[in-house]
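UniProt numbering applies: residue 148 is where the sequence shown begins, and numbers increase by one. C-beta atoms are modelled at their ideal positions from N, C-alpha and C, and glycine is treated no differently.
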Amino acid sequence: VATVVIAPAVLGFTAVPKSLADIVTVPTGYTATVLYRLGDPIASGVSAFANDGTDTNFAQRAGDHHDGLTFFGLAATGTTPDPTSNTRGVLALNHENITAAYLHTAGQTSVGGARPEAEAIKEIECHGVSVIEVAQTGGTWSYVQSSSLNRRITPLTPMAFNGPVRGNAILRTVFSPTGVAGRGTINNCANGTMPWNTYLTNEENWAGYFRRSTGDVVARGGATSKVNVSLARYGIPEGRAGNNNWATVVPADATSTNFSKWNITVNPTAAADGTGDFRNEAFQYGWVVEIDPFDPASTPRKRTALGRMNHEGCQIGRTIAGVRPAFYMGDDAQNEYIYKFVSTAVWSAADAAITNRLAIGDKYLDAGTLYVARFNADGSGTWLPLVFGTGPLTAGNAAYAFADQADVLVNARLAADALGATRMDRPEWTAVNPATGEMYATLTNNSSRTAAAVDPANPRAYNDPRTTGGSTNGNANGHIIRLRETGDTSEATSFTWDIYGFGAGSDLDATNINLSGLDATNDFSSPDGLWFGLPTNITGTSTPLMWIETDDGAFVDQTNCMLLASIPGIVGDGGTRSVTSTLGGATNTVTTRIGKTPGTTLRRFLVGPKECEITGIHSTPDGKSLFVNIQHPGENGTAASITSNWPANQSGTAAAGSRPRSATIVITKADGGVIGI
Ligand code: FEO
Ligand code: CA
Ligand code: CA
Ligand code: CA
148 VATVVIAPAV
158 LGFTAVPKSL
168 ADIVTVPTGY
178 TATVLYRLGD
188 PIASGVSAFA
198 NDGTDTNFAQ
208 RAGDHHDGLT
218 FFGLAATGTT
228 PDPTSNTRGV
238 LALNHENITA
248 AYLHTAGQTS
258 VGGARPEAEA
268 IKEIECHGVS
278 VIEVAQTGGT
288 WSYVQSSSLN
298 RRITPLTPMA
308 FNGPVRGNAI
318 LRTVFSPTGV
328 AGRGTINNCA
338 NGTMPWNTYL
348 TNEENWAGYF
358 RRSTGDVVAR
368 GGATSKVNVS
378 LARYGIPEGR
388 AGNNNWATVV
398 PADATSTNFS
408 KWNITVNPTA
418 AADGTGDFRN
428 EAFQYGWVVE
438 IDPFDPASTP
448 RKRTALGRMN
458 HEGCQIGRTI
468 AGVRPAFYMG
478 DDAQNEYIYK
488 FVSTAVWSAA
498 DAAITNRLAI
508 GDKYLDAGTL
518 YVARFNADGS
528 GTWLPLVFGT
538 GPLTAGNAAY
548 AFADQADVLV
558 NARLAADALG
568 ATRMDRPEWT
578 AVNPATGEMY
588 ATLTNNSSRT
598 AAAVDPANPR
608 AYNDPRTTGG
618 STNGNANGHI
628 IRLRETGDTS
638 EATSFTWDIY
648 GFGAGSDLDA
658 TNINLSGLDA
668 TNDFSSPDGL
678 WFGLPTNITG
688 TSTPLMWIET
698 DDGAFVDQTN
708 CMLLASIPGI
718 VGDGGTRSVT
728 STLGGATNTV
738 TTRIGKTPGT
748 TLRRFLVGPK
758 ECEITGIHST
768 PDGKSLFVNI
778 QHPGENGTAA
788 SITSNWPANQ
798 SGTAAAGSRP
808 RSATIVITKA
818 DGGVIGI
């Protein structure tokens with residue numbers, strides 16, 4: 148770590164100003180091209196997208212709310228991976244959620260309290276994952292509509308369970324009486340790019356989709372029964388309808404469980420074999436899921452060894468031969484934790500293979516140790532192991548009696564509570580600097596952080612001075628924490644940490660809010676997506692760029708969401724700082740650890756259209772084509788009152804009346820150079 152070269156000293160583009168315009172803006176000399184939009188057909192014979200609410204068959208179209216993404220190189224012909232390809236590949240990307248207002252002719256409807264089947268199936272199929280072939284021809288990227296590699300994975304696609312929870316009673320359903328399989332993945336947020344050419348998709352806000360009727364707590368043994376403690380800890384109280392009310396659909400095929408599976412209420416009139424009872428369905432979700440993007444017939448594998456939570460993303464750290472690799476993960480909810488998983492298997496370079504991809508995933512992702520982070524006031528930190536039988540993780544634990552390792556993994560949050568991990572300000576993406584091995588994690592914001600509850604790693608709580616645009620109190624603008632493993636090894640059980648940067652408007656209090664001294668060229672709020680460019684991005688230096696994407700509520704009076712580029716330093720380069728928080732009548736001062744003021748090493752590269760989030764980022768290996776996702780433009784509009792016309796207006800021509808669409812864009816440089824330098 149000590150020999151890191153901080154170069155280039157200055158980023159190679161002029162900062163894009165903050166903007167409220169309904170368009171993607173990139174620096175002079177760069178071009179943003181729309182590549183893959185909601186509804187785009189991905190099989191031959193599927194009609195072009197009408198974009199007026201009449202479209203169907205989203206299992207053969209792009210889904211909604213594009214999120215995490217990875218570019219995997221393809222050989223010049225055929226379907227074989229080629230990790231060196233810069234002109235042909237497959238994009239794997241997540242479809243986290245939907246803007247239902249634009250999916251139907253006049254928004255969501257219900258008839259007599261029941262959602263129409265045709266509307267619900269569209270909404271379900273708009274979630275999940277896309278795998279699509281893309282190619283650059285004559286300098287222009289496009290996706291290949293008829294490629295045999297194209298695939299949609301949806302909340303109804305069959306999945307396998309792997310790892311310690313496979314076969315556990317909590318996974319047993321009518322669909323899989325032995326608990327080894329499940330159906331679907333949902334609310335897929337950030338991603339993971341594995342060196343063995345697979346894609347990780349991560350189930351984040353899955354809990355909200357489930358219906359649970361009043362009386363179910365009693366049916367499951369009362370509030371203190373283990374299953375009720377678990378459901379409560381994961382945010383599934385009784386008396387809720389479930390997002391989009393899918394469970395209300397009365398399907399034409401009475402045997403279909405496509406909709407009833409979203410109702411987990413214990414069914415006392417279920418058939419003797421359990422048909423009609425979906426009580427365990429919520430335990431099918433909250434996992435890291437591995438997909439082989441080169442084999443459309445393969446069954447995705449849910450990797451239970453990595454624990455169950457609101458998985459934001461899962462990124463692997465540096466791989467070093469003979470060393471057990473680490474995978475870093477955030478649990479995105481207020482006051483949740485940062486985790487890492489360390490494989491039992493040591494890394495072998497031969498496993499960066501182009502065959503047997505999911506079997507290599509089995510080797511690294513099915514056995515190992517899950518840890519949760521505790522950040523200490525002195526700048527040290529501890530990885531606390533979630534291992535059954537150690538510390539409080541036993542049947543004698545007062546808050547929750549753990550039965551075995553599967554129970555610990557299914558209830559990772561309860562285990563982390565028992566271990567005394569540090570409650571963070573909504574952990575979103577993780578990213579590892581390939582030059583140093585240091586791990587960065589975005590903490591997007593936390594409106595429930597109070598002055599009384601600040602700690603050195605989550606040191607700010609304030610009254611957000613913004614009065615418009617969904618402002619929040621607490622840690623309104625978020626921060627980015629980073630850690631250096633002891634001995635610079637992924638196997639470490641301790642680390643040192645500091646805070647790379649604090650989000651804030653440049654006009655805010657420099658003493659206690661704008662701690663990183665942000666200015667008009669780089670002020671941001673609510674960091675979310677985070678990615679290090681591939682090591683070859685900067686030829687001849689050892690410090691790749693770090694890219695930061697925002698998903699903001701507190702700063703939208705000033706600007707739409709954005710993408711910034713950074714040349715980061717190293718843990719400990721800024722020293723300590725005293726921060727005073729005042730909120731709700733309380734005043735509290737803590738000493739935090741802060742990175743050096745970024746100044747010209749952090750610069751705004753892109754601003755998105757209205758009401759969007761910028762998320763998902765990856766590039767070709769030469770760094771010359773940068774793929775970025777624009778999620779939910781115009782999300783606050785309705786079918787009758789559209790609030791964005793992006794991307795139809797991206798070319799500069801007016802597109803009044805055109806409904807907005809989430810989309811993947813690709814950014815290139817006029818001189819054909821590496822993006823950002
Ligand atoms: Fe899906 Fe936490 O963002
Ligand atoms: Ca996110
Ligand atoms: Ca977010
Ligand atoms: Ca989102």
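Point to revise | Reduced DSSP category for Asn592 - H, G, I as helix; E, B as strand; rest coil | key: Looking up residue 592 in the sequence shown gives position 445. Coil at Asn592, not helix or strand.
Point to revise | Contact check, Thr727 vs Arg740, beta carbons under 8 angstroms | key: Start at 1 with the first residue of the sequence shown, and residue 727 comes out as number 580. Start at 1 with the first residue of the sequence shown, and residue 740 comes out as number 593. Contact check for Thr727 against Arg740 fails: the beta carbons are separated by 8 angstroms or more.
**Study point:** The alpha helix (DSSP H) enclosing Asn783, as first and last residue numbers
**Key:** Within the sequence shown, the letter at position 636 stands for residue 783. No alpha helix (DSSP H) holds Asn783; DSSP gives it neither H nor E.
Review point. With burial defined as no fewer than 16 other Cβ atoms inside 10 Å of the residue's Cβ, what is the status of Leu630: buried or exposed?
Key: In the sequence shown, residue 630 corresponds to position 483, counting from 1. Looking at its Cβ environment, which holds 16 or more other Cβ atoms inside 10 Å, Leu630 is buried.
Review point. Where Val821 and Asn297 are concerned, what is the direct C-alpha to C-alpha distance, given to the nearest angstrom?
Key: As a working mapping, residue 821 is identified with position 674 in the sequence shown. As a working mapping, residue 297 is identified with position 150 in the sequence shown. C-alpha separation (whole angstroms): 28 angstroms.
Check your understanding: What residues match up with Arg521 in a beta bridge as DSSP calls it?
Key -> Locating residue 521 in the sequence shown gives position 374, where the first residue counts as 1. DSSP lists Thr529 as partners of Arg521.
Practice item. Please report how far the alpha carbon of Asn482 lies from the alpha carbon of Gly460, in whole angstroms. Key: Counted from its first residue, the sequence shown places residue 482 at position 335. Counted from its first residue, the sequence shown places residue 460 at position 313. Answer to the nearest angstrom: the Cα atoms are 17 angstroms apart.
Review point. Alpha carbon to alpha carbon, how far is Gly617 from Pro228?
Key: Here residue 617 refers to the residue found at position 470 of the sequence shown. Here residue 228 refers to the residue found at position 81 of the sequence shown. In this prediction, Gly617 scores a pLDDT of 46, lower than 50, which makes its location untrustworthy; the coordinate-derived value is nonetheless stated afterwards. So the alpha carbons of these two residues sit roughly 44 angstroms apart.
Check your understanding: Can you name, in chain order, every residue of its own chain whose Cβ lies under 7 angstroms from the Cβ of Thr541, other than the five neighbours on each side?
Key -> For this step, residue 541 is matched to residue 394 along the sequence shown. Closer than 7 angstroms at the Cβ level, and outside the excluded window around Thr541, lie Phe549.
Review point. Counting pairs of Cβ atoms below 8 angstroms between the region 356 to 370 and the region 381 to 400, do you hit three or more?
Key: The region 356 to 370 and the region 381 to 400 touch, with no fewer than 3 CB-CB distances between them shorter than 8 angstroms.
Check your understanding: Between which two residues does the beta strand (DSSP E) containing Gln481 stretch?
Key -> Translated into positions along the sequence shown, residue 481 becomes position 334. In the DSSP assignment, Gln481 falls within the beta strand (DSSP E) that extends over Gln481 to Glu483.
Review point. So Thr589 and Leu677 are in contact, right, with Cβ under 8 angstroms, and what is the actual spacing, rounded?
Key: Here residue 589 refers to the residue found at position 442 when the sequence shown is read from its first residue. Here residue 677 refers to the residue found at position 530 when the sequence shown is read from its first residue. The pair is a contact, with the Cβ atoms about 5 angstroms apart (cut-off 8 angstroms).
Point to revise | Per DSSP, the bridge partner or partners of Ser663 | key: For the purposes of this step, residue 663 is taken as residue 516 along the sequence shown, with counting starting at 1. In the DSSP output, where bridge partners are listed per residue, Ser663 has none listed.
Point to revise | Supposed close pair Gly215, Thr345 - CB separation, criterion 8 angstroms | key: Locating residue 215 in the sequence shown gives position 68, where the first residue counts as 1. Locating residue 345 in the sequence shown gives position 198, where the first residue counts as 1. Not quite, the Cβ-Cβ distance comes to about 14 angstroms (not below 8 angstroms), so this is no contact.
Exercise for review: Just tell me which of Tyr511, Asp363 and Ala667 has its CA closest to the CA of Gln705.
Suggested key: Taking the first residue of the sequence shown as position 1, residue 705 is located at position 558. Checked all of Tyr511, Asp363 and Ala667; the closest Cα to Gln705 is Ala667.
Practice item. Give the straight-line distance between the Cα atoms of Thr815 and Thr287, rounded to the nearest whole angstrom. Key: Taking the sequence shown and counting its residues from 1, the one referred to as residue 815 is at position 668. Taking the sequence shown and counting its residues from 1, the one referred to as residue 287 is at position 140. Cα atoms of Thr815 and Thr287: separation of roughly 9 angstroms, rounded to the nearest angstrom.
Check your understanding: If we count the other Cβ atoms within 10 Å of its Cβ and call it buried at 16 or more, is residue 827 buried or exposed?
Key -> There is no way to answer for residue 827, as the model of the chain reaches only from 148 to 824.
Check your understanding: Could you check where the beta strand (DSSP E) with Leu753 kicks off and where it finishes?
Key -> The residue given as residue 753 occupies position 606 in the sequence shown. Per DSSP, Leu753 belongs to the beta strand (DSSP E) from Leu749 to Val754.
**Study point:** Exposure of Asn503, with buried meaning 16 or more beta-carbon neighbours within 10 Å
**Key:** Your numbering for residue 503 matches position 356 in the sequence shown. Result: exposed.
Check your understanding: Closest by CA to Val163, which one among Thr332, Thr800, Ile714 and Phe752?
Key -> Within the sequence shown, the letter at position 16 stands for residue 163. For Val163, the nearest C-alpha among the options comes from Phe752.
Exercise for review: Determine the direct distance from the alpha carbon of Glu351 to that of Val436, and round the result to whole angstroms.
Suggested key: Translated into positions along the sequence shown, residue 436 becomes position 289. Translated into positions along the sequence shown, residue 351 becomes position 204. Cα to Cα, Val436 sits roughly 11 angstroms from Glu351.
Check your understanding: With distances taken from CA atoms, which of Lys510, Ser372, Asn792 and Asp670 is nearest Thr744?
Key -> In the sequence shown, the residue the question calls residue 744 occupies position 597. Residue Asp670 holds the alpha-carbon nearest to the alpha-carbon of Thr744 among Lys510, Ser372, Asn792 and Asp670.
Check your understanding: Within the chosen definition, does the region 261 to 279 reach the region 791 to 806 through at least 3 CB pairs nearer than 8 angstroms?
Key -> Between the region 261 to 279 and the region 791 to 806, the count of C-beta pairs closer than 8 angstroms stays below three; the two stretches do not touch.
Review point. Beta-carbon separation of Thr301 and Gly275 under 8 angstroms?
Key: Indexing the sequence shown from 1 puts residue 301 at position 154. Indexing the sequence shown from 1 puts residue 275 at position 128. Their beta carbons are under 8 angstroms apart, which means Thr301 touches Gly275 by this criterion.
Point to revise | N-terminal and C-terminal residue of the alpha helix (DSSP H) that Tyr647 is part of | key: Here the question's residue 647 lines up with position 500 in the sequence shown. Per DSSP, Tyr647 is not a residue of any alpha helix (DSSP H); the beta strand (DSSP E) it occupies stretches across Ser641 to Phe649.
Review point. Taking the beta strand (DSSP E) that Tyr346 falls in, what are its first and last residues?
Key: Stepping through the sequence shown from its first residue, residue 346 is reached at position 199. Bounds of the beta strand (DSSP E) holding Tyr346 are Tyr346 to Glu350.
Check your understanding: Under the DSSP definition of a beta bridge, which residues are partnered with His242?
Key -> For the purposes of this step, residue 242 is taken as residue 95 along the sequence shown, with counting starting at 1. Residue pairing by DSSP places His242 opposite His213 and Gly275 in a beta bridge.
**Study point:** Distance, Asn334 Cα to Ser166 Cα
**Key:** Within the sequence shown, residue 166 is the residue found at index 19, counting from 1. Within the sequence shown, residue 334 is the residue found at index 187, counting from 1. Those two C-alpha atoms are separated by around 29 angstroms.
Exercise for review: To the nearest angstrom, report how far apart Ile170 and Glu758 are at their CA atoms.
Suggested key: Within the sequence shown, residue 170 is the residue found at index 23, counting from 1. Within the sequence shown, residue 758 is the residue found at index 611, counting from 1. Their backbone Cα atoms lie some 11 angstroms apart in a straight line.
Point to revise | The alpha helix (DSSP H) enclosing Gln552, as first and last residue numbers | key: Looking up residue 552 in the sequence shown gives position 405. Where Gln552 is concerned, the enclosing alpha helix (DSSP H) stretches over Gln552 to Val557.
Practice item. May I have a chain-ordered list of the beta strand (DSSP E) segments no shorter than 3 residues that lie completely inside the region 279 to 314? Key: Complete beta strand (DSSP E) runs here, min 3: 287 to 290, 298 to 300 and 305 to 309.
**Study point:** Beta-carbon proximity check, Gly433 vs Ala598, cutoff 8 angstroms
**Key:** For this step, residue 433 is matched to residue 286 along the sequence shown. For this step, residue 598 is matched to residue 451 along the sequence shown. Not closer than 8 angstroms, so no.
Practice item. Indicate the three-state DSSP secondary structure (helix, strand or coil) for Val376 in the structure shown. Key: Mapped onto the sequence shown, residue 376 falls at position 229. For Val376, the three-state secondary structure derived from DSSP is helix.
Exercise for review: Note down, one range per segment and in chain order, each beta strand (DSSP E) of at least 3 residues found wholly within the region 777 to 822.
Suggested key: 810 to 816, all fully within the region 777 to 822.
Check your understanding: What's the gap between the Cα of Arg808 and the Cα of Cys708?
Key -> Taking the sequence shown and counting its residues from 1, the one referred to as residue 808 is at position 661. Taking the sequence shown and counting its residues from 1, the one referred to as residue 708 is at position 561. Cα to Cα, Arg808 sits roughly 16 angstroms from Cys708.
Point to revise | Contact set for Ser294: own chain, Cβ-Cβ below 6 angstroms, skip 5 residues either direction | key: Along the sequence shown, one-based indexing puts residue 294 at 147. If you ignore the 5 residues before and after Ser294, its C-beta comes within less than 6 angstroms of the C-beta of Glu280, all in its own chain and listed in chain order.
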